[in-house]
Amino acid sequence: MTSFERFAATFLDTDVALRYAPQILEGVVTTVAIGLAVVVTGLIAGLALAVLRACDLKLVNLVLIQVVDMLRALPPLVIILIIYFGLPSIGIVIPSATVLWMSLSAVLAAFAEEVFWAGIVSTPSGQWMAARSTGLSYFQALRFVVLPQAVRLAIPPLTNRTIAITKNTALGSAIGVNEILGQAMSAEAFSANATPLVMAAVLYVLIFIPLVIASHALERRHAGWRR
Amino acid sequence: MLSADDGLSRPLLLEARGVRKSYGAHEVLKGVDLLVAPGELVFLIGPSGSGKSTLLRCCNRLEEPSAGSIRIGDVDLLSPKTDINQMRREIGMVFQSFNLYPHLDALGNVTLALRRAMGKSRDEAARIARENLERVGLADKAKAYPAELSGGQQQRVAIARALALEPKILLMDEPTSALDPELRGDVLAVVRGLRESGMTMVIASHEMQFAREAADIVLFLDDGVVVEQGAPEALFGAPGHERTRRFLRDVRY
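Those protein sequence lines, which keep their order, are chains A and B. Last residue of the first sequence: number 237 in my numbering, and the count goes up by one each step with no gaps. Last residue of the second sequence: number 286 in my numbering, and the count goes up by one each step with no gaps.
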């Protein structure tokens, strides 16, 4: 056996690939579903937190900033493990897929809040003054003048962060979520062959490359009106 | 010509008395009176940092005065009972740096407050916006975004945005200072047209020539106080205070 044949037999075994393809494709459905759910809830929660922070309530902001900083500092896996293995001991049992979705949504919300907040803060004060001088309320000025600009400013850093956090759905394998990596790992264990892991890698690339490309297109489109 | 002192003998549209504003220990306005009758054009001149902008912003409460009283017509602007958002629709403001909304086209800039603050329908707001863009000579720029307009055009859209709400008074904070000399004329022509149509205006500006031609009253502010005020020919022709003379000499008027 040449070394290439040995390499091919370990990583590119067609029989193994065909046998475990249905199982791994099921994982794709799970990954995409949880990933999309994380993006939607994470970004909405992040925007809501940034708007809440803009309300400038001292006590609320004190708590909000602490929690957000904590979520940003903790490795997502630690959050996932604490919720999944910790909560049952106080009688709260949450399905593993839900734990994964909740944890990653919270982490994405924390980062998104910071990015949206930076966008709100960096919108020139003249925009607030102009809006308020025409009789718009604080919230109308925020909603119709400041947020549209803040969101556009937030898009480039936010797409990167969103992709980075959505990829963490692979951490679900640690708590038995049957997403791509979990399915691939169990297939690898059963077949004693690394081909399923290569399939997983290829599938991750196929899922996330279009997102990366789409984010570039989004950035270009929103660069239009800026001076 | 009425002088600004005899507030009791004429109806006043804007009556600001004893306005003070401090930022920490720094007092920017040290008790300023600004009295404006309907149809008047009042000019505020003075070195930068003299308090002109702060005074204008106190007049629509973009800045909260530390002390003093401000009335617009019969309404006490500083009363907690006053609906400030409602009042601001009657007090138009134009800024040195235009402050157009970059994500909206010219029409969108003008219609936003019509729709959201006044609750007008989309069609009604668009009709009013087009009228006002036409008034400032930009009927053909309704679909242009701020970044596609020259500074002078942007400032005229900003004026249209303020006019669309049919304000009783227009406050202009150095409306031409950010513009190249050749673009100032367009904006000043619009201001002149407003004056002829009877709009009440308070303008902080260094356009001394324009002040001399068009103003009813000129106030010279320095270091947070009104040093001197009067009709333009008197104030420019025979300033009574050394500080006024020095300022006019420094700006080489």
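In this text, a Cβ means the ideal position worked out from N, Cα and C, and glycines have one as well.
Proximity winner among the options, relative to residue i (alpha-carbon distances)
i, options, result
"residue 29/A", "20/A, 197/A, 171/A, 153/A", "197/A"
"residue 94/A", "105/A, 85/A, 84/A", "105/A"
"residue 239/A", "193/A, 220/A, 117/A", "Beyond the ends of chain A as shown, which are 11 and 237, falls residue 239/A; an answer cannot be given."
"residue 162/B", "77/B, 189/B, 194/B", "194/B"
"residue 83/B", "260/B, 262/B, 256/B, 52/B", "256/B"
"residue 169/B", "86/B, 58/B, 143/B", "143/B"
"residue 147/A", "167/B, 145/B, 192/B", "145/B"
"residue 34/A", "219/A, 218/A, 230/A, 189/A", "189/A"
"residue 189/B", "133/B, 259/B, 71/B", "133/B"
"residue 126/A", "229/A, 113/A, 109/A, 161/A", "161/A"
"residue 59/A", "176/A, 150/A, 37/A, 117/A", "117/A"
"residue 64/B", "50/B, 56/B, 58/B", "50/B"
"residue 89/A", "99/A, 111/A, 69/A", "111/A"
"residue 171/B", "138/B, 105/B, 52/B, 66/B", "138/B"
"residue 71/A", "150/A, 200/A, 24/A, 124/A", "124/A"
"residue 113/B", "97/B, 125/B, 236/B, 127/B", "97/B"
"residue 157/B", "198/B, 216/B, 284/B", "198/B"
"residue 124/B", "65/A, 134/A, 86/A, 139/A", "139/A"
"residue 84/A", "175/A, 24/A, 57/A, 97/A", "175/A"
C-alpha gap between residue i and residue j, whole angstroms
i, j, result
"residue 195/A", "residue 103/A", "25 Å"
"residue 143/A", "residue 120/A", "33 Å"
"residue 176/B", "residue 136/B", "12 Å"
"residue 165/A", "residue 226/A", "10 Å"
"residue 35/B", "residue 251/B", "In this prediction, residue 35/B has a pLDDT of 47, which is less than 50 and means its spatial position is unreliable; what the coordinates show is noted afterwards. Near 12 Å, if we compare the C-alpha coordinates of residue 251/B and residue 35/B."
"residue 91/B", "residue 74/B", "18 Å"
"residue 155/B", "residue 154/A", "15 Å"
"residue 245/B", "residue 265/B", "5 Å"
"residue 242/A", "residue 218/A", "Look at the range of chain A in this structure, 11 to 237, and you will see that residue 242/A is not part of it."
"residue 234/B", "residue 61/A", "36 Å"
"residue 243/B", "residue 228/B", "12 Å"
"residue 171/A", "residue 45/A", "13 Å"
"residue 185/A", "residue 222/A", "28 Å"
"residue 182/B", "residue 21/A", "60 Å"
"residue 37/A", "residue 186/B", "57 Å"
"residue 207/A", "residue 41/A", "15 Å"
"residue 294/B", "residue 220/A", "Any answer about residue 294/B is impossible in this case: the structure gives chain B only from 34 up to 286."
"residue 37/B", "residue 67/B", "With a pLDDT of 48 at residue 37/B, under the threshold of 50, the modelled position of that residue is not reliable, and the figure given next carries that caveat. Whole-angstrom Cα-Cα distance: 8 Å."
"residue 262/B", "residue 253/B", "6 Å"
"residue 44/B", "residue 71/B", "8 Å"
"residue 40/B", "residue 53/A", "With a pLDDT of only 46 at residue 40/B, under 50, the local geometry of the prediction cannot be trusted, and the value read off the model is given with reservation. One C-alpha to the other measures close to 56 Å."
"residue 209/A", "residue 179/A", "16 Å"
"residue 232/B", "residue 220/B", "15 Å"
"residue 211/B", "residue 130/B", "6 Å"
Local conformation of residue i per DSSP, three classes
i, result
"residue 230/B", "coil"
"residue 239/A", "Outside the modelled stretch of chain A, which goes from 11 to 237, sits residue 239/A, for which no answer is possible."
"residue 112/B", "coil"
"residue 35/B", "With a pLDDT of only 47 at residue 35/B, under the threshold of 50, the placement of this residue in the model should not be trusted, and no figure is reported."
"residue 103/A", "coil"
"residue 66/A", "coil"
"residue 45/A", "helix"
"residue 171/A", "helix"
"residue 79/A", "helix"
"residue 205/B", "strand"
"residue 86/B", "helix"
"residue 16/A", "helix"
"residue 36/A", "helix"
"residue 58/B", "coil"
"residue 70/B", "coil"
"residue 95/A", "helix"
"residue 94/B", "coil"
"residue 120/B", "helix"
"residue 99/B", "coil"
"residue 65/B", "strand"
"residue 79/B", "coil"
"residue 48/B", "strand"
"residue 106/B", "coil"
"residue 236/A", "A caution first: residue 236/A carries a pLDDT of 49, below 50, which makes its placement in the model unreliable, though a value can still be read off. Reduced to three states, the DSSP call for residue 236/A is coil."
"residue 10/A", "Since the first residue shown for chain A is 11 and the last is 237, residue 10/A is missing from the structure and cannot be characterised."
Every unbroken beta strand (DSSP E) within the region 207-274 of chain B, with a cutoff of 3 residues, ordered by chain:
Within the region 207-274 of chain B, the complete beta strand (DSSP E) runs of at least 3 residues are 233-237, 250-255, 258-263.
Which residues of the region 137-156 of chain A have a Cβ closer than 8 Å to any Cβ of chain B? Give them in chain order.
137, 139, 140, 141, 142, 143, 144, 145, 146, 147, 150, 154, 155
Counting only Cβ-Cβ distances shorter than 9 Å, please list the residues of the region 160-176 of chain A near chain B, keeping chain order.
162
What ranges does the alpha helix (DSSP H) occupy inside the region 135-198 of chain B, keeping only unbroken runs of at least 4 residues that lie completely in it?
139-149, 155-168, 184-196
Contact residues within the region 149-163 of chain B, judged by C-beta distance below 8 Å to chain A
149, 150, 151
Below 7 Å between beta carbons is the criterion; list the residues of the region 15-37 of chain A that meet it against any residue of chain B, in chain order.
Only those residues of the region 15-37 of chain A whose C-beta falls short of 7 Å from the nearest C-beta of chain B would be listed, and there are none.
Taking only beta carbons into account, state which residues of the region 135-149 of chain B come closer than 7 Å to chain A, listed in chain order.
135, 136, 145, 146, 149
Chain B contacts from the region 202-224 of chain A (Cβ-Cβ distance under 8 Å):
none
Of all the alpha helix (DSSP H) runs that stay within the bounds of the region 117-165 of chain A, which reach a length of 4 or more residues?
Entirely contained in the region 117-165 of chain A, the alpha helix (DSSP H) runs reaching 4 residues are, in chain order, 135-143, 148-151.
If the cut-off is 9 Å on Cβ atoms, which residues from the region 81-103 of chain A count as contacting chain B, listed in chain order?
For the region 81-103 of chain A, no residue has a beta-carbon sitting nearer than 9 Å to a beta-carbon of chain B.
Of all the residues that make up the region 102-119 of chain B, which are near chain A by a beta-carbon distance shorter than 8 Å?
When CB distances to chain A are screened at a threshold of 8 Å, the residues of the region 102-119 of chain B falling below it are 118, 119, in chain order.
Which residues, in order along the region 187-206 of chain B, keep a beta-carbon less than 8 Å from a beta-carbon of chain A?
191, 194, 195, 198
Within 8 Å of chain A by C-beta, residues of the region 229-254 of chain B in sequence order
none
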